[in-house]
Amino acid sequence: MSLRKLSESQWNLLMAHYGEPETREQWGGTVPNSFEAASANAARAAARTGCFAVDDAAGGWRARRLTVTGMGRDTARDAIRMAEAGEPLPKAIRRALAAHEPGLVLADPDPKIRLDALKHMGMLTDGRLDSFLDDPDPTVRLELVDHTPDDRLHVFGKETDSEVLTKLEYRATGWIADRAVRLFETGSPDAAWLVLRYGRPDAALLRRIVESGLADRACWSLYAPDAAARDGSDRPTLTEKDIRLLLEHGDPDMVGSYLSGWMPDDDPRRERLTETLYDHWAEHGSAGLLERLSLSVEKEMFTPRRVDMILERGSGAATLARLGDGLSSAQVDMLLAYADAHAMDVLYRRRRHGGYTPRQLRLLAAGSPDARRAMREAAGLLARLCSDPTDPDGLGAILATLG
8 MSLRKLSESQ WNLLMAHYGE PETREQWGGT VPNSFEAASA NAARAAARTG CFAVDDAAGG
68 WRARRLTVTG MGRDTARDAI RMAEAGEPLP KAIRRALAAH EPGLVLADPD PKIRLDALKH
128 MGMLTDGRLD SFLDDPDPTV RLELVDHTPD DRLHVFGKET DSEVLTKLEY RATGWIADRA
188 VRLFETGSPD AAWLVLRYGR PDAALLRRIV ESGLADRACW SLYAPDAAAR DGSDRPTLTE
248 KDIRLLLEHG DPDMVGSYLS GWMPDDDPRR ERLTETLYDH WAEHGSAGLL ERLSLSVEKE
308 MFTPRRVDMI LERGSGAATL ARLGDGLSSA QVDMLLAYAD AHAMDVLYRR RRHGGYTPRQ
368 LRLLAAGSPD ARRAMREAAG LLARLCSDPT DPDGLGAILA TLG
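This is the structure in structure tokens:
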């Protein structure tokens, strides 16, 4: 069966109005049941297909109101029969069906059409629910939540996507709490965060989440000893053992949150920052953690001994480079052995008085764009001085360039 050739907008108009009565009562009389096209030109183009007729009484040559002809109704019904029979249809028709006859294209191979059809559906029956639950696209499952009856939400029992889980929690408060252990055991950081935020974990589950390291910052921000007191809740709080473990994990976001704000001398947070913890961070801390520590506790953290510990494992080059003149010549050698161009630039800008050995200068010239540029300028000034020994600014300019 062949169908008439219509544009996508014309198919959309046809599917929207083919089932409407041909006439309607108005002001005590009967008038054509017309509808507006996008413009007068669009109305005339639609009429040329034979599926629509222009209502000339509504505006003359500027008329933009249309009615569906008998041919148009037959064309729409033919397209619907083909969709019901599973026959192939052009995308324009399937997209129009998604908006006006969505049940016919819920299994469309195009995920965008399938999702659009789902958006136009009401509540789904079990059979149709099942066909979407395993869809790999979480956007489809997110939309599916809106079309699932309250008493059937349990079909999402295996869901792991954080956005879908959040929407389920809003649909049915307590949904995450009822499945908190299973969600945590998926090993997903997003799921662990949702359990902490909505799942009302008991002390045992909270400890398991702390030990897992999946959501350290959320553990601290939501379950710190003073958090429950601030909002008056009765949820469990972190023990001292939990807090030490979180700090040892060294998550930059968690440690940054811990160190934020003013810490007076008697603040318990300050008391937990022991020499042992600083050593642990020097031995195991990530580059991100070292960067965060340099913003708050640089003096306490970056002692010469700990800097050596960090250098030996080749971490935090840019952070250590900012110590500049605080590095010994031997430490500069170790840093240059693994520093990237950015770290070398930082070192060159920050180290203004410590000086460099010839080998260090060669490494900087090879790896640091800033150092290479300065050395070229110095070479030019030196050539100028040699050509004109009486130039009073020559030597001073060289010294200023080299710092």
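Under our numbering, the sequence shown is numbered contiguously, ending at residue 410.
Beta carbons: idealized from backbone N, C-alpha and C, even for Gly.
Cα-Cα separation between Pro365 and Ala385, rounded to whole angstroms: 15 Å
So Val147 is in the alpha helix (DSSP H); what residue range does that whole segment cover? Val147 -> alpha helix (DSSP H) spans Pro145 to Val152.
Could you tell me the alpha carbon to alpha carbon distance between Arg320 and Ala337, rounded to whole angstroms? 15 Å
Contact check, Ser232 vs Ala210, beta carbons under 8 Å: Checking the sequence shown, residue 232 turns out to be Pro, not Ser. No, they are not a contact pair.
Check whether the stretch 49–61 and the stretch 132–142 are in contact - that is, three or more C-beta pairs closer than 8 Å. no
By the three-class DSSP mapping on this structure, what secondary structure does Leu327 have? Note: Leu327 maps to helix in three-state DSSP.
From Glu170, Arg71, Arg251 and Leu343, residue whose alpha carbon lies closest to that of Arg369: Checking every option, the nearest Cα to that of Arg369 belongs to Leu343.
Assuming Arg204 contacts Ala225 under a Cβ cut-off of 8 Å, what Cβ separation, rounded to an integer in Å, is found between them? Approximately 7 Å separates the beta-carbon atoms of Arg204 and Ala225; this is inside 8 Å, confirming the contact.
Thinking C-alpha only, which one of Asp157, Glu150, Thr56 and Ala114 is nearest Ser138? Check the Cα spacing between Ser138 and each of Asp157, Glu150, Thr56 and Ala114: the tightest is with Ala114.
Count the other C-beta atoms from every protein chain shown that fall within 10 angstroms of the C-beta of Ser9, then say buried if there are 16 or more, exposed otherwise. exposed
Per-residue burial, Leu334 [other beta carbons within 10 Å of its own, 16 or more giving buried]: buried
Answer yes or no: the CB of Ala92 versus the heavy atoms of the ligand ADP, is any distance below 7 Å? As far as ligands go, the structure on display features none, and thus does not contain the ligand ADP.
Tell me the start and end of each unbroken alpha helix (DSSP H) in the stretch 149–228 that is at least 4 residues and wholly inside, in chain order. 169–178, 182–185, 187–191, 196–205 and 210–219
Which of helix, strand or coil does DSSP assign to Phe309? Note: Phe309 maps to coil in three-state DSSP.
Would DSSP call Val413 helix, strand or coil? No statement about residue 413 is possible, as the shown extent of the chain runs from 8 to 410 and does not include it.
Cβ-based neighbour list, Leu175, same chain, cut-off 8 Å, excluding 5 preceding and 5 following: Val152, Leu160, Phe163, Glu166, Trp182 and Ile183
Quick check: Gly220 and His256, are their CB atoms within less than 8 Å of each other? yes
Give the secondary structure of Arg383 by DSSP, where H, G and I count as helix, E and B as strand, and everything else as coil. helix
Leaving out the 5 sequence neighbours to the left and right, which residues in its chain are closer than 6 Å to Leu125 when beta-carbon positions are compared? If we look at Leu125 and ignore the five residues flanking it on each side, its Cβ neighbours are Glu150.
For the beta strand (DSSP E) containing Leu73, list its first residue and its last residue. Arg72 to Val75
In terms of alpha-carbon separation, which member of Ser41, Ala83, Ala45 and Ala44 lies closest to Cys58? Ala83
Beta bridge counterpart(s) of Phe42 as assigned by DSSP: Leu73
Looking only at DSSP bridge pairs, what is Glu32 linked to? Thr37
Under the rule that 16 or more other beta-carbon atoms within 10 Å means buried, what is Arg148, buried or exposed? buried
Secondary structure of Ala373, DSSP reduced to three states: helix
With the cut-off set at 8 Å, would you say Ser169 and Leu212 are in Cβ contact? no
Got a sec? Which residues, its chain only, sit under 6 Å from Ala199 by beta carbon, not counting five neighbours each side? Once the five neighbours on either side are set aside, the close Cβ partners of Ala199 are Phe191, Ile216, Leu221 and Ala222.
Go through the stretch 328–371 residue by residue and report every complete run of the alpha helix (DSSP H) that reaches 4 residues or more, in order. 336–343 and 348–357
Leaving aside the five residues before and after Asp62 along the sequence, list all residues of the same chain whose C-beta is less than 7 Å from its C-beta, in chain order. Pro39, Ser41, Ala70, Arg72, Leu73 and Thr74
Hey, out of Glu94, Glu91, Ala105 and Thr146, whose CA is closest to Trp18's CA? Ala105
Hey, quick one: how far does the alpha helix (DSSP H) through Tyr265 stretch, first residue to last? Pro259 to Leu266
Helix, strand or coil for Pro118? Go by DSSP, reduced to three states. helix
Around the Cβ of Glu108, are there at least 16 other Cβ atoms within 10 angstroms (buried) or fewer (exposed)? buried
Considering only the alpha carbon of each residue, which of Glu32, Glu15 and Arg80 lies closest to Tyr25? Arg80
Assigned secondary structure, Trp269 (DSSP; H/G/I helix, E/B strand, else coil): coil
Unbroken alpha helix (DSSP H) run spanning Glu459, endpoints: Because the chain in this structure spans residues 8 to 410, residue 459 falls outside the shown range and cannot be described.
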